[in-house]
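There are 2 protein chains.
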Amino acid sequence: MIVVIGGGPAGRLGAIRLAHAGKEVLLLEKKKIGGQCLHHGCMVVCALSDAARWIRSGEQLQQLGIASSTPAISFSTLIKEMQKIQGQIEAVLDEETRQAGVEIQYGVEGRCEGEALYVDGEQVPAEAGIIATGSRPIVLDIPGRERPGVITPHTLGSLETLPLRLTIIGGGIMSAEFAYAFSAFGSEVTIIARSGFLRTLDPLLRRGARTDLEGVIIRENTPVTAIERSGGLLSVRGRDDEELSEAEVVLMASGLRPNAECARGLRKGDLGEIVVDDHLRTSVPGIYAAGDVAGPPYLTPVARMEGMIAADNILGKERQMDYRAIPQSISLSRDFMFCGEPSEDTAAIGSPAPAGPGSFWAVPSRNTGTARLMIQGESGELEGVRLIAPGGSLIGAYLSALIRRGCTVTELEDLIEVHPNTDGILPLIRYMGEWNKKRKRS
Amino acid sequence: MIVVIGGGPAGRLGAIRLAHAGKEVLLLEKKKIGGQCLHHGCMVVCALSDAARWIRSGEQLQQLGIASSTPAISFSTLIKEMQKIQGQIEAVLDEETRQAGVEIQYGVEGRCEGEALYVDGEQVPAEAGIIATGSRPIVLDIPGRERPGVITPHTLGSLETLPLRLTIIGGGIMSAEFAYAFSAFGSEVTIIARSGFLRTLDPLLRRGARTDLEGVIIRENTPVTAIERSGGLLSVRGRDDEELSEAEVVLMASGLRPNAECARGLRKGDLGEIVVDDHLRTSVPGIYAAGDVAGPPYLTPVARMEGMIAADNILGKERQMDYRAIPQSISLSRDFMFCGEPSEDTAAIGSPAPAGPGSFWAVPSRNTGTARLMIQGESGELEGVRLIAPGGSLIGAYLSALIRRGCTVTELEDLIEVHPNTDGILPLIRYMGEWNKKRKRS
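From first to last, the protein sequence lines stand for chains A and B. Going left to right, the first sequence walks through residues 710 to 1151 as my numbering numbers them. Going left to right, the second sequence walks through residues 710 to 1151 as my numbering numbers them.
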């Protein structure tokens, strides 16, 4: 038997793969199947952002005189309906996992002590184990962090009404996504970032995010020292007890911490994560870890892939995880997709993204999106892309695959797209293909 | 000097490519730059469909109780604003073309008689020519075809109000797209198709289109014999003078005919198209044809590529057009993308598309889209895809490239996507990769 602890993307996909290979698999899930991704992360952002984008598109049509008005949305119904849909997806995942032949035990605590695996304190005989217990939001260690109204993405579903004012502590991707959505719903949003807002991002994307977050107050390089109660509001305080913002709700989106406490006797890293090699092996033979519990990047597709690769290695397939050029995206008015990094010898080119589905009515505002392509100057190999466009994240997987394969722009010149589209990368590939050929000739 | 007749996608891209290579290029455009694509085709559908999708999304949110109402849109303002945007794009194309070094002459008639090229009847010395005069809507040869209220996609911009009832003659892609949009705006739409509705399409996509066109009356295998005036309405008649529909407006979306009349002394085909080989050479040395004037498929990206390949061949680069696995898409509630065809030994698999951006709120209606992947049974090479999903057309270019390159599902198993997304093809690639490996082992 193989024991998998945690039913999020990593554990679930790993378990299914093992079951497909004929193994007896026991999946332990303390709460609900689907992990943070379904219950507190990706799908929540997707639900909020789909509604927020609809509102912003309506405002755009209204400004042009095409739509008569932009209707209000009921935030409490949105949250309720979102949770229903999450429940429906949860049921699908449960069924899919069982049908693959995985035994699921809910409400039990899985634990590992070195090679020994326990279910609710009782040791179970297992030939191998995968620890896939995910991560949880970091709650800043400041006075007032437990006050009513201070929430994390894990407790966002408890909001019963739309806050008039919302303060978001954190300057990362989740912070930007929540700010976009709540701002579209009508909240006054303040972001407080300890260092820079979206500081690890390409400046092209950072500038685009600022445009999408017009009206949101963004305070950078601003540590939070306390959250106090002031009248009916939460007052967020900074250095020298300065009041940074007042709001009904304070959302902590300050990063994630691996849920590695259930594993003992194996090597851990500085973030508390379980240390694994590129086969997803921990320091203890037969015990693997996959997904957020093994540290960043905290991304669903990476967790899924790690789960499957851990499973493949348990099955003796000797498979390594490839962390190069992992595509990522931020959901604002459109997808902000980025993949790959420039090298020392990078040639880069950018242009506005074309007007297409989802951006036709943005032409008058001259904001149809933007694209940037980076190639290795000598070889012409694709190195990286940055794309702001509706549906931009959809092409991330394919561009990532092309970058990983060392594909050159010249090889890709014969790409035929579907028209109209918003993929600004394609014309850049063509242009740079020509440029690269010319350069080689001269 | 090289003469290019026609400033649509084929002519414009061919002219730019020649100019980039240092050639003197004269581009002749009778009316406006951008061709049917900008003025009567792709961009019009994009404008209408972006607004229609917004309305349908609003209805979905309203059904769930999230949106308070779905606002009305002003059709006349939509048309007016669309035309403004078309003008803006036109100006961009004009500037881009001139900046590349192309000389554009507007309002003149280009003509070719064998090797001789004429501008407004006057012969011009040219080393080569590209005929890229596009196509125009077929107007059925029936009584009443010239009555007021009978329009084609070329005269759609003349509509001043939304018709209460709209009859569309034709059962192809454009017909489906216009039906979706006008139906969302509130018109009662009847489609009359001489043979089957979307009959050349995969049944999976055809069924999906029917779902999106709920409420639209679709009459198949129904030839139209006349359009009569009856009260204030247009009565469309069929066999035995049966009344098929009554409507304020009748839109003929009955296919396209190549604009090849301006070319004489070179070989033409059954549709009146200029016959070309895969180098885009006509039967006359030095004269090339590209885009719709050279016959189907009537697609902007194909026209663009043909224009560029004609230019490359004029430049002595010996380049062939590759017509395999051209991706296409239909804009309904989401993109209906298809690419590639099954062979005799095809293994295929399908599944619902995942809930993601643009389809999260469709989960309760169990209509998040669908995906189908076809591989060559022996080799595991990708052969074809069918995808109904928001943004599905965006990934068409990449899947087409993978199919053309003979990529196998096993090679693509390491694709890492961005989550959440609606690309149902990715999990199928993974699943079939595993399946294919197992099959090979046994």
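All C-beta atoms, glycine included, are put in the ideal place defined by N, C-alpha and C. Being a predicted model, the structure only gives us computed values, none of them experimental.
- In the DSSP assignment, B:Cys-821 falls within the unbroken beta strand (DSSP E) covering 819-822.
- Between the segment 1015-1029 of chain B and the segment 737-746 of chain B, the count of Cβ pairs shorter than 8 Å is below three; the stretches do not touch.
- When C-beta atoms of the segment 991-1003 of chain B are compared with those of the segment 821-834 of chain B, three or more pairs fall below 8 Å, so the two segments count as touching.
- Identification of residues in the segment 840-855 of chain B having a C-beta nearer than 8 Å to some C-beta of chain A yields an empty set.
- Leaving aside the five residues that flank A:Asp-950 on each side, the residues in its chain whose CB is nearer than 8 Å to its CB run, in chain order, Thr-934, Ala-935.
- Sixteen is the threshold: when 16 or more other Cβ atoms of the shown chains lie within 10 Å of the Cβ of B:Leu-871, as they do, the residue is buried.
- Burial check for A:Ala-719: the Cβ neighbour count within 10 Å reaches 16 or more, so the residue is buried.
- Buried is the label assigned to A:Pro-1010, since at least 16 other Cβ atoms lie within 10 Å of its Cβ.
- Interface residue (Cβ-Cβ distance to chain B less than 8 Å): A:Ile-1035 is classified as such.
- At least one CB atom of chain B sits nearer than 8 Å to the CB of A:Val-1127.
- Between the alpha carbons of B:Ala-972 and B:Ser-944 lies a distance of about 38 Å.
- Following the DSSP letters along the chain, one finds A:Gly-767 inside the alpha helix (DSSP H) bounded by residues 751-772.
- Note on geometry: alpha-carbon atoms of A:Ser-884 and A:Ser-1060 lie some 27 Å from one another.
- Per DSSP, the unbroken beta strand (DSSP E) holding A:Thr-1055 starts and ends at 1055-1061.
- Around the CB of B:Thr-909, fewer than 16 other CB atoms lie within 10 Å, so the residue is classed as exposed.
- Counted as a single uninterrupted DSSP element, the stretch harbouring B:Tyr-827 is not any alpha helix (DSSP H) but the beta strand (DSSP E) occupying residues 825-828.
- Less than 8 Å divides the Cβ of B:Leu-787 from the Cβ of B:Ala-760.
- Remark: C-beta atoms of B:Pro-1066 and A:Ser-758 approach each other more closely than 8 Å.
- Listed by position along chain B, the residues whose Cβ is nearer than 9 Å to that of A:Ser-783 are Gly-774, Ile-775, Ala-776, Ser-777.
- In the pairwise beta carbon analysis, the segment 839-854 of chain B is classified as touching the segment 957-967 of chain B: at least three pairs are separated by under 8 Å.
- B:Leu-875 is bridged by DSSP to B:Val-898, B:Val-958.
- Contact of A:Leu-1135 with chain B by beta-carbon distance below 8 Å involves Ala-1106.
- Counting C-beta pairs with one atom in each stretch, the segment 786-806 of chain A and the segment 790-805 of chain B have fewer than three that are closer than 8 Å, which means they do not touch.
- The shortest C-alpha to C-alpha distance from B:Val-1118 to any of B:Gly-1133, B:Lys-789, B:Ile-1084 is the one to B:Ile-1084.
- By the C-beta criterion, the segment 1024-1037 of chain A is judged not to be in contact with the segment 858-872 of chain A, since fewer than 3 inter-stretch pairs fall below 8 Å.
- Under the 10 Å beta carbon count, B:Ser-954 is surrounded by 16 or more other beta carbons and is classified as buried.
- Taking 8 Å as the cut-off, the beta carbon of A:Ala-728 is found closer than this to the beta carbon of A:Gly-810.
- Interface annotation for the segment 1021-1052 of chain B against chain A: Asp-1031, Ile-1035, Pro-1036, Gln-1037, Ser-1038, Ser-1040, Asp-1044, Met-1046, criterion Cβ-Cβ distance under 8 Å.
- Taking C-beta separations shorter than 8 Å and ignoring five residues to either side along the sequence, the partners of B:Met-1141 in its chain run Ala-1056, Ile-1058, Leu-1082, Ile-1084, Gly-1089, Val-1118, following chain order.
- Interface flag for A:Ile-711 against chain B is unset, since no Cβ pair is found closer than 8 Å.
- The beta carbon of A:Gly-1105 is closer than 7 Å to those of Pro-1036, Ser-1038, Met-1046, Cys-1048 in its chain, skipping five residues each way along the sequence.
- Taking C-alpha positions only, B:Tyr-827 is separated from B:Val-1072 by approximately 59 Å.
- By the beta-carbon neighbour count (other beta carbons within 10 angstroms, threshold 16), A:Pro-912 is exposed.
- For A:Asp-911, no alpha helix (DSSP H) segment is defined, and its DSSP state is neither H nor E.
- For B:Gln-1085, not one C-beta of chain A is nearer than 8 Å to its own C-beta.
- In this structure, the CA atom of A:Arg-1075 is about 11 Å from the CA atom of A:Pro-1063.
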